[in-house]
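Chemist: Heads up: the sequence lines are chains W and B, in that order.
For the first sequence, the numbering used here gives the first residue as 9, with consecutive numbering after it.
For the second sequence, the numbering used here gives the first residue as 1018, with consecutive numbering after it.
Ideal Cβ positions, reconstructed from N, Cα and C, are used throughout, including at glycine.
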Amino acid sequence: MIALRNLSFRFEGSTRQALHDISLDIAPGEFVALTGPSGCGKSTLALALGGYLFRQFDGQASGSVHVNGLDTREDAIYDVAEVVGLVQQNPEAQFCTLTVEDEVSFGLENRRMPRADIEKRLRWALDIVEASHLAERTLTTLSGGEQQKVAIAAMMAAKPQVLIFDEPTSNLDPTATATIFDVIRHIREVAGITVIVMEHKIDYLLSFDPRLIVMDHEGRIAYDGPARQLLADRHEELANLGLRLPGNELADAPPAARGRAQEVLAQTRDLQLGYNGNAVLKDINLDIHTGQIVAVMGDNGSGKSTFLRSLLGLLKPQAGWVSVCGQDTRTTPVSVMARHVGFIFQNPDHQLFADSVGAEADFAPRNFGLHDVGTRQRIDALLSSTGLASYRDAHPYRLSCGEKRRLNVVSILSYQPRLILLDEPFIGQDWGHARTLLRLLRDETQRGATVLWVTHDPALARAYADRVLFFSSGRLAIDAPPEEAFGALKRTGHAGYLPPGDVVP
Amino acid sequence: MSHRPRIAYMPSDSRVHGLYPLLKLGWLLWGSLAVFAVHSPWLVLAVLALVWLALRLAGISLRRDVRGLRLIVSMAAFLFALQALFMQKGTVLCHLWPLGPGYLPVTQAGLRSGVYVGGRFLAIILLSYLFVMTTEPGRLAYALMRVGLPYRYGFALITALRLAPIFEAESNTVYQAQLARGVRYDVRHPRRIWTIMRQLLLPLLVSALSRVDALAVSMEGRCFGKYPTRTYRKGVDFTRRDAGVLLFLLLAFVALVAYVVARVET
Chain W
9 MIALRNLSFR
19 FEGSTRQALH
29 DISLDIAPGE
39 FVALTGPSGC
49 GKSTLALALG
59 GYLFRQFDGQ
69 ASGSVHVNGL
79 DTREDAIYDV
89 AEVVGLVQQN
99 PEAQFCTLTV
109 EDEVSFGLEN
119 RRMPRADIEK
129 RLRWALDIVE
139 ASHLAERTLT
149 TLSGGEQQKV
159 AIAAMMAAKP
169 QVLIFDEPTS
179 NLDPTATATI
189 FDVIRHIREV
199 AGITVIVMEH
209 KIDYLLSFDP
219 RLIVMDHEGR
229 IAYDGPARQL
239 LADRHEELAN
249 LGLRLPGNEL
259 ADAPPAARGR
269 AQEVLAQTRD
279 LQLGYNGNAV
289 LKDINLDIHT
299 GQIVAVMGDN
309 GSGKSTFLRS
319 LLGLLKPQAG
329 WVSVCGQDTR
339 TTPVSVMARH
349 VGFIFQNPDH
359 QLFADSVGAE
369 ADFAPRNFGL
379 HDVGTRQRID
389 ALLSSTGLAS
399 YRDAHPYRLS
409 CGEKRRLNVV
419 SILSYQPRLI
429 LLDEPFIGQD
439 WGHARTLLRL
449 LRDETQRGAT
459 VLWVTHDPAL
469 ARAYADRVLF
479 FSSGRLAIDA
489 PPEEAFGALK
499 RTGHAGYLPP
509 GDVVP
Chain B
1018 MSHRPRIAYM
1028 PSDSRVHGLY
1038 PLLKLGWLLW
1048 GSLAVFAVHS
1058 PWLVLAVLAL
1068 VWLALRLAGI
1078 SLRRDVRGLR
1088 LIVSMAAFLF
1098 ALQALFMQKG
1108 TVLCHLWPLG
1118 PGYLPVTQAG
1128 LRSGVYVGGR
1138 FLAIILLSYL
1148 FVMTTEPGRL
1158 AYALMRVGLP
1168 YRYGFALITA
1178 LRLAPIFEAE
1188 SNTVYQAQLA
1198 RGVRYDVRHP
1208 RRIWTIMRQL
1218 LLPLLVSALS
1228 RVDALAVSME
1238 GRCFGKYPTR
1248 TYRKGVDFTR
1258 RDAGVLLFLL
1268 LAFVALVAYV
1278 VARVET
């Protein structure tokens, strides 16, 4: 079905090969999990299989890619699209219309399919992703998981023979993640097509018993074989590549690193938060102590990010109050709160403002008037410990995704805020990057800082957090140490939030 | 995170919402043309009455749903007062100050002119509100494509409609990220303001470019542009009710033309 021969690709302006001499055969109906460290070329390979890489991106290519007899380097993209469907990472970014029915019909209408046939195919595609009940909804009213289902249905509608998923669950909460993998399982059973999933979360894919292809940092195929066998035989080599392997979160966490609750750093009382007069969160009463890592969990839209924004004063309470470092957010300007509270947003690109990596690290200290030698030394040390020192004069947008994320963290730690807020910082990051940042943050708690960290990753939360907050239906449903919190999640039927393969009391 | 814009589509199952979008576009154009072409306060009042009726049928409350209504009504009242006070032709109806014969006469022509000018302003604004609040933008785009608008332009409109709120939310996030890193917006130096704006716009530009890449892959992957024309799942949703409204609009248009011709001849 798929044959790649010595495929190499280098993006225009880049000095490194994104894909390096890749040769590969994939048989019809095979299920392939493709993984590797961040920036290893997984997404680039997906674009090459669909033919997009050679038309929409400037660069130097060599070698060949054939899918079902079509040469994706040479043949028309529309012909390749009849065979290959690509579901991208962010469903919302790939929508072309405004409603579910229009979105799923879009490709069929472009192919000039008669109306009656479109209607039949639309129903079939929605049915296969178990989303028939969403048919009449507008896309903006869907949850993240529902949006991804519709994006899959939109691709399935054309009945491709190969369906590629590029990190399809990276933006989703654990419940939605489990749903999407169920959908992939159903598609495989019903349609029997070739499925390739680019994914960091290998745990979730093991039940498919897939063929596992692992790429390395150089864009090469490092390992290729049955997943279970590879994980057993090559565990150490795979771990050295920075891959997240089942169970290695706990092994990698610093021993006895739990932070002890010290003095109260932040408080909320009878806090109600929302937008346009509508409440998103109600009755939040919390004391947050110094020296801890606090994992904030809950479904997409449960109010986690809203809660974080209120701690910096970006969102004022509808009722009740928030106090951080003794400052009431209702009356203290954000510019004053910001000196004590660092905030790292979800998308690394949304928070890069300076023209060089060095200036970016120094951006906030300058704004706060910190020009002392200690700050400079701290920035130097942070850039070195995160492997960014050699990029000091480079433009931040020239960095890889993982490097940008590390720079975001450096730019916050440079002025030593007492409360550090992170909104899903590890999306699209491999285990190696995530581990580096978590260790850096753990060090910060040793000097008394507190980290509040929104995460969809139960295994990481269990390994690194001192306390777990779980929001549900607009309320703080669980507030407990990790073991106790995951036990409560199990009892309340939130199975998706349990660390994969873990035994929770 | 979202806030409702001043004027936006309000989803509902009302009869007005269900009307064929191009008919409502025609109604907007007809109404605007009529109140400009015919200098009659009665026509303006009739259009206002129809708009009010349509808003009621659409389940839209002027007071509750039309943001900025106070400003619009104040502006209309100001225009009315200007005409009523300074247009002094014709029969004097009364004097505003002091009571009885004296200063500030209000004439019949002044009142007529006030109603016409103030009412015309109000009518055009409310006609536009009615159209925007009851017409689903996507349905309008599809209707335009069905009557001949090249589908590339139609989907350009749909893409703009889809991306506008996303970019608004993103610009808000970037702004908040700036505040979180100690950027102060209360500066006056032009160079500093330019630097802050550049820092706001660059992340948005980078984000927009990455969205364009993802969207291009998604569209080409679904054969957008493969043929010069395309089919549509939905038919033209022009119903008997739409036909009735169209007939009414046509009759009103004929009456309007006849009235204008008669006025010109006399």
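Confirm, please, whether the CB-CB distance from W/Q280 to W/G328 is below 8 Å.
Modeler: Yes, the Cβ-Cβ distance between W/G328 and W/Q280 is below 8 Å.
Chemist: With DSSP as the reference, please indicate the residues paired to W/N286 in a beta bridge.
Modeler: W/N286 pairs with W/Y283.
Chemist: Using a 10 Å radius around the Cβ and a threshold of 16 neighbouring Cβ atoms, would you call B/M1214 buried or exposed?
Modeler: So B/M1214 counts as exposed.
Chemist: Return the residue from the list W/R236, W/C48 and W/G321 that minimises the CA-CA distance to W/H225.
Modeler: Nearest option by C-alpha distance: W/C48.
Chemist: Listed in chain order, which residues of the stretch 1231-1254 of chain B have Cβ atoms closer than 9 Å to some Cβ of chain W?
Modeler: Residues A1231, L1232, A1233, V1234, S1235, M1236, E1237, G1238, R1239, C1240, F1241, G1242, K1243, Y1244, T1246, R1247, T1248, Y1249, R1250, K1251 and G1252.
Chemist: Roughly how many angstroms lie between the CA atoms of W/E109 and B/A1173, to the nearest whole one?
Modeler: Approximately 19 Å between the Cα atoms of the pair.
Chemist: Work out the CA separation of W/P507 and W/V191 for me, nearest whole Å.
Modeler: About 21 Å.
Chemist: Would you mind telling me which residues of chain B sit closer than 8 Å to W/Q102, beta carbon to beta carbon, in chain order?
Modeler: Residues of chain B passing the Cβ test: A1231, L1232, V1234 and S1235.
Chemist: Span of the alpha helix (DSSP H) holding W/G77?
Modeler: Element bounds for W/G77: n/a, residue is neither H nor E.
Chemist: Please list, in chain order, the residues of the stretch 1159-1174 of chain B that have any C-beta partner in chain W closer than 9 Å.
Modeler: Those residues of the stretch 1159-1174 of chain B that come within reach of chain W (Cβ to Cβ, closer than 9 Å) are Y1159, Y1168 and F1172.
Chemist: Could you compute how far the alpha carbon of W/D357 sits from the alpha carbon of W/G395?
Modeler: In a straight line, the C-alpha of W/D357 is about 19 Å away from that of W/G395.
Chemist: Residues of chain W with CB under 9 Å from B/S1224, in chain order?
Modeler: Neighbours of B/S1224 on chain W, chain order: N355, D357 and H358.
Chemist: Using a Cβ-Cβ cut-off of less than 8 Å, give me the residues of the stretch 116-142 of chain W that come near chain B, in sequence order.
Modeler: Answer set for the stretch 116-142 of chain W: L116, E117, N118, R119, R120, M121, P122, R123, I126, E127 and L130.
Chemist: Among W/L427, W/A367 and W/V95, which residue has its Cα nearest to the Cα of B/G1238?
Modeler: Here the closest residue by C-alpha is W/V95.
Chemist: Answer yes or no: does any C-beta atom of chain B fall closer than 8 Å to that of W/G152?
Modeler: Output row for W/G152: interface = no.
Chemist: Would you kindly check if the distance between the Cβ of W/L477 and the Cβ of W/V302 is under 8 Å?
Modeler: Going by C-beta atoms, W/V302 is nearer than 8 Å to W/L477.
Chemist: Would you say W/I160 lies against chain B (beta-carbon separation less than 8 Å)?
Modeler: For W/I160, the answer is no, since every Cβ of chain B falls outside 8 Å of its Cβ.
Chemist: Using CA atoms only, rank isn't needed, just tell me which of W/D295, W/Q385, W/G67 and W/V137 is closest to W/Q270.
Modeler: The shortest C-alpha separation from W/Q270 is found at W/D295.
Chemist: Provide the residue span of the alpha helix (DSSP H) that contains B/G1155, from first to last.
Modeler: Start and end: P1154 to R1163.
Chemist: Quick check: the Cα distance between B/D1082 and B/R1073, rounded to an integer number of angstroms?
Modeler: Rounded to the nearest angstrom, the two C-alpha atoms are 12 Å apart.
Chemist: So the alpha helix (DSSP H) B/A1231 belongs to, where does it begin and stop?
Modeler: Run containing B/A1231: P1207 to E1237, per the alpha helix (DSSP H) assignment.
Chemist: Who are the neighbours of B/T1256 on chain W, taking C-beta pairs under 9 Å?
Modeler: Neighbours of B/T1256 on chain W: none; closest Cβ ~18 Å, over 9 Å.
Chemist: Can you have a look at B/R1137 and say buried or exposed, based on whether 16 or more other CB atoms are within 10 angstroms of its CB?
Modeler: Its Cβ being crowded by 16 or more others within 10 Å, B/R1137 is buried.
Chemist: If we count Cβ pairs, one from each stretch, closer than 8 Å, do we get three or more for the stretch 336-347 of chain W versus the stretch 488-495 of chain W?
Modeler: They do not touch, by the three-pair rule.
Chemist: Mind checking which residues open and close the beta strand (DSSP E) that includes W/D363?
Modeler: Segment: none, W/D363 is in no beta strand (DSSP E) and carries neither H nor E.
Chemist: Assuming B/S1049 contacts B/L1144 under a Cβ cut-off of 8 Å, what Cβ separation, rounded to an integer in Å, is found between them?
Modeler: Contact flag correct, Cβ pair sits at about 6 Å.
Chemist: Any residues in the stretch 358-382 of chain W with a beta carbon nearer than 7 Å to a beta carbon of chain B? Which ones, in chain order?
Modeler: Cβ contacts with chain B come from H358, Q359, L360, F361, F371, A372, N375 and F376.
Chemist: By the criterion of Cβ-Cβ separation under 8 Å, what are the contact partners of W/G516 in chain B?
Modeler: Any property of residue 516 of chain W remains undetermined from this structure, which presents chain W solely from 9 to 513.
Chemist: Any beta carbon of chain B sitting closer than 8 Å to that of W/Y60?
Modeler: Closer than 8 Å: yes.
Chemist: Counting beta carbon pairs with one atom in the stretch 1212-1228 of chain B and one in the stretch 377-386 of chain W, are three or more of them shorter than 8 Å?
Modeler: Verdict: no, contact absent.
Chemist: What residue range is occupied by the uninterrupted alpha helix (DSSP H) comprising W/F376?
Modeler: Counting along the chain, W/F376 falls outside any alpha helix (DSSP H), and DSSP gives it neither H nor E.
Chemist: Within 8 Å (strictly less), CB to CB, does W/F479 reach chain B?
Modeler: With 8 Å as the cut-off, W/F479 does not count as an interface residue toward chain B.
Chemist: Could you compute how far the alpha carbon of W/A485 sits from the alpha carbon of W/F479?
Modeler: Roughly 5 Å between the two C-alpha positions.
Chemist: Once you ignore the five residues that flank B/F1255 on each side, which residues in its own chain have a CB closer than 6 Å to its CB?
Modeler: Answer for B/F1255: Y1037, listed in chain order.
Chemist: Note down, in chain order, every chain W residue with its Cβ under 7 Å from the Cβ of B/A1186.
Modeler: Per Cβ cutoff of 7 Å: no residues; B/A1186 is ~11 Å from chain W at best.
Chemist: Which whole-angstrom value is the C-beta distance of B/V1064 and B/L1273, which I expect to be below 8 Å?
Modeler: Actually they are not in contact, since the Cβ atoms of B/V1064 and B/L1273 sit about 11 Å apart, beyond 8 Å.
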